[in-house]
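In order, the protein sequences belong to chains E and F.
Mapping of the first sequence onto our numbering: position 140 corresponds to residue 687, and the numbering continues sequentially without gaps.
Mapping of the second sequence onto our numbering: position 147 corresponds to residue 279, and the numbering continues sequentially without gaps.
We put the beta carbon where it would ideally sit given N, CA and C, even for glycine.
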Amino acid sequence: MDASIFLIQVLNSIQYGLLLFLVASGLTLIFGIMGVINLAHGSFYMLGAYAAFTLSGLTGSLFWAIALGVVLAVVFGYVLEWVFFSFLYRRDHLQQVLLTYGLILVFEELRSLVVGDDVHGVAVPAALSGSLPLGSTMTYPIYNLFISATCLLVAALLFLLLKGSRLGMMIRAGAANREMAQSLGVDIALIFRIVFALGVALAAFAGMVSAPASSVYPGMGNQVLIICFVVVVIGGIGSVTGALVAALLIGFTDTFGKVFLPDYAGMLTYLLMAVVLLWRPEGLFRPTTG
Amino acid sequence: MRHPRTLVALMALAVLLALPAFAGKFYVELTSKILIMAVFAMSLDLLVGFTGLVSLGHAAFFGVASYVVALVSPASEAGSLWLTLPASVGASALLALVIGAFALRTRGIYFIMVTLAFAQMVYFVFHDTQLGGGSDGIYLYIKPQATIGDWSLINLDDPAQFYYTMLALVVAAYAFLRMLLVSRFGHALKGIRSNEQRMRAAGFNTYAYKLAAFTIAGALAGVAGYFAAVQFGFVNPEILSWHQSGNALLMVILGGMGNLAGAILGAFSFVLLQDFFSSLTKHWQLLLGGFVILAVALLPRGLIHTDEALRAWRERRQRG
Numbered sequence: 548m549d550a551s552i553f554l555i556q557v558l559n560s561i562q563y564g565l566l567l568f569l570v571a572s573g574l575t576l577i578f579g580i581m582g583v584i585n586l587a588h589g590s591f592y593m594l595g596a597y598a599a600f601t602l603s604g605l606t607g608s609l610f611w612a613i614a615l616g617v618v619l620a621v622v623f624g625y626v627l628e629w630v631f632f633s634f635l636y637r638r639d640h641l642q643q644v645l646l647t648y649g650l651i652l653v654f655e656e657l658r659s660l661v662v663g664d665d666v667h668g669v670a671v672p673a674a675l676s677g678s679l680p681l682g683s684t685m686t687y688p689i690y691n692l693f694i695s696a697t698c699l700l701v702a703a704l705l706f707l708l709l710k711g712s713r714l715g716m717m718i719r720a721g722a723a724n725r726e727m728a729q730s731l732g733v734d735i736a737l738i739f740r741i742v743f744a745l746g747v748a749l750a751a752f753a754g755m756v757s758a759p760a761s762s763v764y765p766g767m768g769n770q771v772l773i774i775c776f777v778v779v780v781i782g783g784i785g786s787v788t789g790a791l792v793a794a795l796l797i798g799f800t801d802t803f804g805k806v807f808l809p810d811y812a813g814m815l816t817y818l819l820m821a822v823v824l825l826w827r828p829e830g831l832f833r834p835t836t837g
Numbered sequence: 133m134r135h136p137r138t139l140v141a142l143m144a145l146a147v148l149l150a151l152p153a154f155a156g157k158f159y160v161e162l163t164s165k166i167l168i169m170a171v172f173a174m175s176l177d178l179l180v181g182f183t184g185l186v187s188l189g190h191a192a193f194f195g196v197a198s199y200v201v202a203l204v205s206p207a208s209e210a211g212s213l214w215l216t217l218p219a220s221v222g223a224s225a226l227l228a229l230v231i232g233a234f235a236l237r238t239r240g241i242y243f244i245m246v247t248l249a250f251a252q253m254v255y256f257v258f259h260d261t262q263l264g265g266g267s268d269g270i271y272l273y274i275k276p277q278a279t280i281g282d283w284s285l286i287n288l289d290d291p292a293q294f295y296y297t298m299l300a301l302v303v304a305a306y307a308f309l310r311m312l313l314v315s316r317f318g319h320a321l322k323g324i325r326s327n328e329q330r331m332r333a334a335g336f337n338t339y340a341y342k343l344a345a346f347t348i349a350g351a352l353a354g355v356a357g358y359f360a361a362v363q364f365g366f367v368n369p370e371i372l373s374w375h376q377s378g379n380a381l382l383m384v385i386l387g388g389m390g391n392l393a394g395a396i397l398g399a400f401s402f403v404l405l406q407d408f409f410s411s412l413t414k415h416w417q418l419l420l421g422g423f424v425i426l427a428v429a430l431l432p433r434g435l436i437h438t439d440e441a442l443r444a445w446r447e448r449r450q451r452g
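Shown next, in the form of structure tokens:
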């Protein structure tokens with residue numbers, strides 16, 4: 548494999564890993580902080596992608612579609628937590644699994660009713676549609692670099708929020724000891740709502756920003772969900788750092804796996820999980836918040 | 133009335149026994165399918181309801197047995213039930229042993245996710261490789277025979293005979309699980325569900341018990357998977373999908389966790405509901421999703437405890 552092909556695969560790995568990170572970070576935060584397992588998390592990714600398709604069709608611009616989409620996602624997440632998820636905190640895991648499984652079905656069908664079941668493409672904005680030359684014969688789409696760059700930026704912002712802001716401090720306090728934080732005056736219900744909305748927005752953003760590069764199709768949420776579960780298991784529940792490391796690990800394993808072992812690439816991620824389980828069943832990192 | 137539930141169960145059994153006499157072929161076959169699902173649900177209930185292990189990947193063991201029977205059956209003549217059934221169930225049990233060995237290193241939420249992930253891996257093995265015909269699946273053209281010498285014990289091609297075999301299977305599975313659950317092993321499982329640390333402190337090797345339960349449950353799911361393939365005649369990767377695992381979990385909780393009759397009731401309710409909803413609209417999954425949410429929210433103990441839920445509700449109203 549020559550240098551430019553290798554570089555392309557590395558870039559692809561990073562892109563895939565960062566996208567996974569955005570979706571998985573929401574999942575791990577929601578679980579780590581609120582103790583809720585949310586099977587419908589993949590649906591937010593799918594809804595984000597379909598929103599990008601619909602909104603860019605309406606506004607004519609992907610940038611506005613994403614901006615609008617993020618706002619909608621935050622509102623949607625906020626309301627969803629208030630109306631539905633806040634009732635799940637007291638329930639056991641099995642009930643959470645089933646209730647959120649029911650939610651997946653509801654979301655899928657609502658999307659089917661509103662937008663239909665067709666596979667769609669989203670146009671890459673003109674400003675980002677070129678390709679960068681790599682070496683003498685290969686090129687790399689600028690838009691893919693844009694995806695990685697934005698994901699990296701969002702990841703940095705997320706870390707900054709969690710580690711360096713008052714809100715982040717309250718979130719971590721609430722995760723470490725809910726009652727104590729409450730008795731110290733932190734409005735835990737509001738914090739949870741914000742964290743949930745953040746998780747939804749992250750997943751939706753990932754779906755929106757990657758829509759032009761991959762197609763928008765009905766099953767995309769479920770696919771990403773299961774991989775995100777693997778990310779969280781490998782990285783450790785509640786650990787955002789762990790999610791980043793695990794997501795990149797999976798990004799590389801999957802991408803290079805497809806190159807060297809195309810028939811078995813689908814299984815490599817799970818084999819990786821099995822190996823980690825042998826060595827560290829609780830995941831690679833401790834919770835960010837614990 | 134002293135034992136209303138037993139009476140209801142006996143009546144249900146009587147109806148089931150008499151079914152082929154008054155119902156058409158379609159309903160007999162549908163009920164056979166439900167009975168197979170009932171065995172699948174009971175096997176999962178052993179894990180979820182009695183051992184406290186929420187597995188979201190149980191369809192893997194169901195599906196592997198289906199694939200094995202389709203793969204080992206000869207193409208142009210009937211396989212033997214005596215050979216293909218143990219092969220299928222053995223494969224499921226072995227897979228359960230291996231997956232369980234890894235998965236049971238985790239607990240709680242990790243366990244749920246890990247079982248899902250491993251099942252997805254098995255799905256990809258059958259979907260991406262040519263082992264089982266890839267996404268096209270494979271056919272089981274000729275149903276296995278159950279013969280002793282020249283005498284054919286059961287003709288699985290005949291819907292009524294297949295149906296009665298399934299009914300016997302459900303009763304046998306129920307009896308087997310009942311016996312298992314009243315044994316020392318079963319009590320250990322319940323102890324693990326209620327407080328694993330205490331069991332470990334009492335000297336039980338909880339990992340071994342859980343692994344044994346996981347393997348037994350996997351094997352029983354394999355029995356169901358075997359007959360599902362025999363009935364349908366076609367196996368494709370969707371039989372291993374996580375939707376199948378999710379549906380099984382739904383059946384267990386819908387009927388009532390920790391209750392074998394509940395698992396059977398759950399299987400009936402779920403399949404009938406699915407059929408009913410899909411006859412109403414193309415978007416039946418919306419109705420199913422809504423129903424699932426309502427059922428889990430309002431009847432957390434499942435349909436089998438409806439009488440208790442009603443009584444509790446009535447008492448709450450009386451107290452005002």
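With 16 other CB atoms within 10 Å as the buried threshold, where does G663 of chain E fall?
-> Exposed.
Residue from F:A353, F:R448, F:E370 with nearest C-alpha to M169 of chain F = Selection F:A353, F:R448, F:E370 evaluated against M169 of chain F yields F:A353 as nearest (Cα-Cα).
At least one CB of chain F closer than 8 Å to the CB of E628 of chain E: is that the case?
-> Not closer than 8 Å to any Cβ of chain F, the Cβ of E628 of chain E fails to qualify, so no.
If you count every other CB in all the chains shown that lies within 10 Å of the CB of H190 of chain F, and 16 or more means buried, which is it?
-> Counting Cβ neighbours within 10 Å, H190 of chain F comes out buried, since at least 16 surround it.
Please check if any C-beta of chain E sits within less than 8 Å of the C-beta of G232 of chain F.
-> Output row for G232 of chain F: interface = no.
Do you know whose CA, among E:D801, E:V806, E:V780, E:F693, lies nearest F832 of chain E's CA?
-> Closest by alpha carbon: E:V780.
From E:L609, E:G783, E:D549, E:I797, pick the residue whose C-alpha is nearest to that of L675 of chain E; which is it?
-> Per the Cα distances, E:L609.
Mind checking if Q329 of chain F is an interface residue toward chain E, Cβ cutoff 8 Å exclusive?
-> Residue-level contact by beta carbon fails for Q329 of chain F and chain E, as no gap is shorter than 8 Å.
Partner residues on chain F for I584 of chain E, Cβ-Cβ distance less than 7 Å | Within chain F, the residues whose beta carbon sits less than 7 Å from that of I584 of chain E are I241, I244, listed in sequence order.
Any C-beta of chain F sitting closer than 8 Å to the C-beta of Q562 of chain E?
-> Interface annotation, Q562 of chain E: not in contact with chain F, CB-CB separation never under 8 Å.
Which residue's Cα is closest to the Cα of L586 of chain E: E:M727, E:P809, E:F776?
-> In terms of Cα proximity to L586 of chain E, the closest of E:M727, E:P809, E:F776 is E:F776.
Nearest-angstrom Cα distance between W629 of chain E and T163 of chain F?
-> Rounded to the nearest whole angstrom, the CA to CA distance from W629 of chain E to T163 of chain F is 41 Å.
Please classify T684 of chain E: does DSSP put it in a helix, a strand, or coil?
-> Coil.
Counting only the same chain and skipping the five closest in sequence on each side, list residues whose C-beta sits under 6 Å from that of L229 of chain F.
-> T347, listed in sequence order.
Determine the chain E residues that contact D289 of chain F at a beta-carbon separation under 7 Å, and present them in chain order.
-> Within chain E, no residue comes near D289 of chain F; the closest Cβ sits about 36 Å away, beyond 7 Å.
What's the gap between the Cα of F408 of chain F and the Cα of F400 of chain F?
-> Rounded to whole angstroms, F408 of chain F to F400 of chain F spans 12 Å at the Cα level.
Determine the extent of the alpha helix (DSSP H) in which S572 of chain E is found, giving its start and end residues.
-> Segment 550-581, the alpha helix (DSSP H) holding S572 of chain E.
Considering only residues of the stretch 251-286 of chain F, which uninterrupted beta strand (DSSP E) runs meet the minimum length of 3 residues and lie entirely inside it, listed in chain order?
-> Those beta strand (DSSP E) runs which fall completely within the stretch 251-286 of chain F and span 3+ residues are 278-280, 283-286.
Assuming L188 of chain F contacts G378 of chain F (C-beta within less than 8 Å), just tell me the rounded distance between them.
-> Sure, about 7 Å apart at Cβ, within 8 Å.
Contact set between the stretch 403-418 of chain F and chain E, restricted to residues whose Cβ is under 7 Å from the partner = Hits within the stretch, in order: H415, Q417, L418.
Check the C-beta distance from I584 of chain E over to I244 of chain F and give it rounded, since I have them as a contact under 8 Å.
-> With a beta-carbon spacing of about 7 Å, I584 of chain E and I244 of chain F fall inside the 8 Å limit used to define contacts.
Output the distance between the C-alpha atoms of T697 of chain E and L707 of chain E, rounded to the nearest integer angstrom.
-> Approximately 15 Å, taken between the alpha carbons.
CB contact check: P839 of chain E to chain F, cutoff 8 Å = As shown, chain E starts at 548 and ends at 837. That puts residue 839 of chain E outside it, with no answer to give.
May I ask you to report which of helix, strand or coil DSSP gives S205 of chain F?
-> Coil.
Between E656 of chain E and the ligand GDP, is the CB less than 7 Å from at least one heavy atom?
-> Of ligands this structure carries none, so the ligand GDP is not represented either.
Which two residues bound the contiguous alpha helix (DSSP H) that contains I738 of chain E?
-> Taken as a continuous stretch (DSSP letters only), the alpha helix (DSSP H) holding I738 of chain E covers 735-757.
Would you mind telling me which residues of chain F sit closer than 8 Å to I773 of chain E, beta carbon to beta carbon, in chain order?
-> Residues of chain F passing the Cβ test: L248, A249, Q252, W374.
Proximal residues of chain E, C-beta to C-beta of R237 of chain F below 9 Å = Those are L824, L825, P828, listed as they occur along chain E.
Where F631 of chain E falls: helix, strand or coil (DSSP) | Coil at F631 of chain E, not helix or strand.
Element boundaries [alpha helix (DSSP H), containing F832 of chain E] | First-last for F832 of chain E: undefined, no H or E at that position.
Cβ-based burial, A670 of chain E [other Cβ within 10 Å; buried from 16] | If you draw a 10 Å sphere on the C-beta of A670 of chain E, you find fewer than 16 other C-beta atoms in it, and that means exposed.
Given a threshold of 16 other Cβ atoms within 10 Å of its Cβ, counted over all protein chains shown, does D290 of chain F qualify as buried or as exposed?
-> Counting the other CB atoms within 10 Å of its CB gives D290 of chain F a total below 16, which places it among the exposed residues.
Buried or exposed: where does I694 of chain E fall if 16 or more other Cβ atoms within 10 Å of its Cβ makes it buried?
-> Only buried fits I694 of chain E, as 16 or more other CB atoms lie within 10 angstroms of its CB.
7 Å Cβ cut-off: residues of chain F touching G813 of chain E | The CB of G813 of chain E comes closer than 7 Å to the CB of F256, D260 in chain F, given here in chain order.
Find the residues of chain E that neighbour I385 of chain F, judging by a C-beta separation of less than 8 Å, and give them in chain order.
-> Residues of chain E passing the Cβ test: L641, Q642, L645.
Whole-angstrom Cβ separation of Y636 of chain E and G582 of chain E, contact assumed at under 8 Å?
-> The pair is a contact, with the Cβ atoms about 7 Å apart (cut-off 8 Å).
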